Amino acid sequence: MIVIAGTLAFDSTKRSILDDAFETMRAASLQEAGCYEYQCYVSRTDPGLAFFFEKWEDDAAVAAHMQAPHMAVFGKVFGEIGVKGVDIKKYSGATEGPLQ
12 MIVIAGTLAF
22 DSTKRSILDD
32 AFETMRAASL
42 QEAGCYEYQC
52 YVSRTDPGLA
62 FFFEKWEDDA
72 AVAAHMQAPH
82 MAVFGKVFGE
92 IGVKGVDIKK
102 YSGATEGPLQ
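Sequence positions in the sequence shown follow this note's numbering and run 12 to 111.
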């Protein structure tokens with residue numbers, strides 16, 4: 012399993028643009044082979060900070076996602092929302108089970 016997680020700092024006055032774009036992106040991504048989860052949440056304490064969390068079957072699924080047309084469309088939104096920083100990482104070899 013591959014986990015993608017990280018943050019995106021953006022202009023908080025552009026939140027509605029991010030919300031709309033992400034919902035479109037999420038719906039399309041969840042239709043992709045190997046996509047198990049695709050989430051974005053805006054911080055409760057910093058309205059200009061979004062958290063991303065994705066779960067994928069393998070590297071091939073992530074690679075296909077990165078080439079998907081909706082990924083290119085979502086990338087264009089970054090210019091519209093005043094991106095100030097991106098820190099998104101890939102974690103591979105993850106196993107999943109209950110916390111306790």
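No residue lacks a Cβ here, since even glycine has one placed at the ideal position from N, Cα and C.
Remember, it's a predicted structure, so these values are computed and weren't measured experimentally.
For the 9 Å CB-CB criterion, I99 and K25 do not form a contact.
Spanning the alpha carbons of D70 and A44 requires a straight line of approximately 12 Å. Shown here for G96: same chain residues with a beta carbon closer than 7 Å to its own, the five before and five after excluded, namely A20 in chain order. In this structure I28 is not in contact with V73, their Cβ atoms being roughly 25 Å apart against a cut-off of 8 Å. Of A32, V84, E68 and G17, the smallest CA-CA separation from E107 is found for E68.
Within the segment 34 to 73, the beta strand (DSSP E) runs of at least 3 residues that lie entirely inside it are, in chain order, 46 to 53 and 60 to 67. Bridge partners of L19 according to DSSP: A61 and V97.
The straight-line gap separating the alpha-carbon atoms of V94 and D22 is approximately 7 Å. Taking all protein chains in view, the Cβ of K66 is crowded by 16 or more other Cβ atoms within 10 Å, so the residue is classified as buried.
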